[in-house]
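What follows is one structure encoded as structure tokens, with my remarks underneath.
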Amino acid sequence: MEPAIDPGVTGNSQDARRILQRTRGKATGSITRLASPSDIGRLIKPFVFLDYIDVKSPIEVNGPLHPHSGIATLTALVEGSFHHQDSKGQPKSMKAGGMEWMQAGRGIWHGGPAGTSGAAKLYQLWIALPPTLELSAPYEMFLEPDEVPSNGPARVMMGRIEGEASPVSEPRPITYLNVRLRKGERWRYTPPRDHDVLWISVYSGSLDAGEQVSEGELVVFEHSERSVDFFAKEDCGFVLGSATHSPFDLVEGYYSVHTNPAALQSGEQEIERLGAQLCADGRLTPERAAQVAHQMSTVTTKS
1 MEPAIDPGVT
11 GNSQDARRIL
21 QRTRGKATGS
31 ITRLASPSDI
41 GRLIKPFVFL
51 DYIDVKSPIE
61 VNGPLHPHSG
71 IATLTALVEG
81 SFHHQDSKGQ
91 PKSMKAGGME
101 WMQAGRGIWH
111 GGPAGTSGAA
121 KLYQLWIALP
131 PTLELSAPYE
141 MFLEPDEVPS
151 NGPARVMMGR
161 IEGEASPVSE
171 PRPITYLNVR
181 LRKGERWRYT
191 PPRDHDVLWI
201 SVYSGSLDAG
211 EQVSEGELVV
221 FEHSERSVDF
231 FAKEDCGFVL
241 GSATHSPFDL
251 VEGYYSVHTN
261 PAALQSGEQE
271 IERLGAQLCA
281 DGRLTPERAA
291 QVAHQMSTVT
301 TKS
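Per the UniProt record's numbering, the sequence shown starts with residue 1, numbered consecutively.
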């Protein structure tokens, strides 16, 4: 069943879906960690990690090559422009509304020079892959803004709304939207059947969702399948995620999240194999490979 959208209605406040938790995360410079597998990620899994990056002026960084396994990442640029490198070291550029999907599966490395030409806002979301995909072959997909379908005020980054489907083949039924509302506009989101996880993160303006939510906040709604009505108190933008709550454990490594220790071990073995190949190709220094191997040896947690 697809989500139903009715921009002309708002719910009775007595029937509003309750906000269970809210946070402004932990900021380090321009990056705010809003969710991780050891905290809010447990409430909203398969969404297990969310970083929000708000850059006020042009930046250039050289991020070290680093690996992932067991997850998929979705990088969504909501304002500005952004350039970086894919896992093969090829330059990629993103415009506002564009996105990158990277399904790490059994293991992948990426990193390198990245930056913006001015102010920019983007999200990086991690999604925990189910057992059938956590050790699958990795792949990447880049979508230009005009390749991301829209329905009313919502851009469909994952899932579908009333026939508008994202080109991303989601690893399980997931909806992930970028929504913009004008001041005074009302919009209702009704999740697909069995989607009992729902959260939003506001990146501009403020809105009412039973309670006021303002720029910089992430709020998690109670587990249910009820719709939520949004009313824009001013022009605003937010991302929204909904899914069926994942029944699988989260077994964390330093760079990975898997469903069990054996899968984590397999993923980290593949990461080491790929690291050795990158060293042979001259893209990775032995010192960096050794640092990653040490980091992976020091962390394994289950939640």
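Positions of the beta carbon are idealized from the N, C-alpha and C atoms, including for glycine.
Quiz item: Is the number of C-beta pairs between the stretch 225-240 and the stretch 173-192 that are closer than 8 angstroms three or more?
Solution: A contact between stretches requires three or more CB pairs, one per stretch, nearer than 8 angstroms, and the stretch 225-240 meets this requirement with the stretch 173-192.
Self-check item: Residue closest to M99, alpha-carbon to alpha-carbon, out of I40, Q212 and P145
Solution: P145
Self-check item: Buried versus exposed, by CB contacts within 10 Å (16 or more), D229
Solution: buried
Practice problem: Enumerate in chain order the residues of its own chain whose CB-to-CB distance from D249 is below 7 angstroms, with the five nearest sequence positions on each side excluded. | Solution: T259, N260 and K302
Practice problem: Would you list the residues sitting across from E140 in a DSSP beta bridge? | Solution: M102
Quiz item: Around the C-beta of V202, are 16 or more other C-beta atoms found within 10 angstroms, so that it is buried, or is it exposed?
Solution: Looking at its Cβ environment, which holds 16 or more other Cβ atoms inside 10 Å, V202 is buried.
Quiz prompt | Exposure of T28, with buried meaning 16 or more beta-carbon neighbours within 10 Å | solution = exposed
Practice problem: With Q295 as the anchor, note down where its beta strand (DSSP E) starts and where it stops. | Solution: Segment P286 to T298 is the alpha helix (DSSP H) holding Q295; no beta strand (DSSP E) there.
Quiz item: So the beta strand (DSSP E) A154 belongs to, where does it begin and stop?
Solution: A154 to M158
Quiz item: By the 10 Å Cβ neighbour count, where 16 or more other Cβ atoms means buried, how is G8 classified, buried or exposed?
Solution: Because the pLDDT of G8 is 39, which lies under 50, any placement of that residue in the model is unreliable, and the question is left without a value.
Exercise. Determine the contact status of G111 and S136, defining contact as a CB-CB distance below 8 angstroms.
Key: no
Quiz prompt | Residue from A293, S297, T298 and T300 whose Cα sits closest to the Cα of L65 | solution = A293
Exercise. Could you tell me the distance, in whole angstroms, from the CA atom of P153 to the CA atom of A209?
Key: 16 angstroms
Exercise. Could you work out which residue in T132, I271 and T190 is closest to E170 when comparing CA atoms only?
Key: T132
Quiz item: Exposed or buried, S256, counting other C-beta atoms within 10 Å across all chains shown (16 or more means buried)?
Solution: Using a 10 angstroms sphere on the CB of S256, the tally of other CB atoms reaches 16 or more, which defines it as buried.
Quiz prompt | Straight-line gap, D54 to L34 (C-alpha atoms, nearest Å) | solution = As the crow flies, the alpha-carbon of D54 is around 13 angstroms from that of L34.
Quiz item: Cα-Cα, which of T244, L207, R24 and V197 is closest to F221?
Solution: Of the listed residues, the one whose Cα sits closest to F221 is V197.
Quiz item: Smallest Cα separation from I59: which of G80, Q291 and A290?
Solution: G80
Self-check item: G89 versus E287, S117, P113 and V299, residue with shortest Cα-Cα distance
Solution: P113
Quiz item: Does DSSP put V166 in a helix, in a strand, or in coil?
Solution: Here the sequence assigns Ser to residue 166, which means Val is not the residue at that position. Of the three classes helix, strand and coil, the one that applies to S166 here is coil, per DSSP.
Quiz prompt | Cutoff 8 angstroms; reference Q212; Cβ partners in own chain excluding five residues on either side | solution = S206 and K233
Quiz item: For A263, which residues of its own chain have a beta-carbon under 8 angstroms away from its beta-carbon, when the five flanking residues on both sides are left out?
Solution: G70, P131, E134, L135 and V251
Exercise. Count the other CB atoms, across all protein chains shown, that sit within 10 Å of the CB of S57; report buried if there are 16 or more and exposed otherwise.
Key: exposed
Practice problem: Go through its chain and collect everything with a Cβ distance to E164's Cβ below 6 angstroms, but skip five positions before and after it. | Solution: P149, N151 and V156
Exercise. Tell me whether the beta-carbon of R22 lies closer than 8 angstroms to the beta-carbon of E217.
Key: Yes, these two residues count as a Cβ contact at 8 angstroms.
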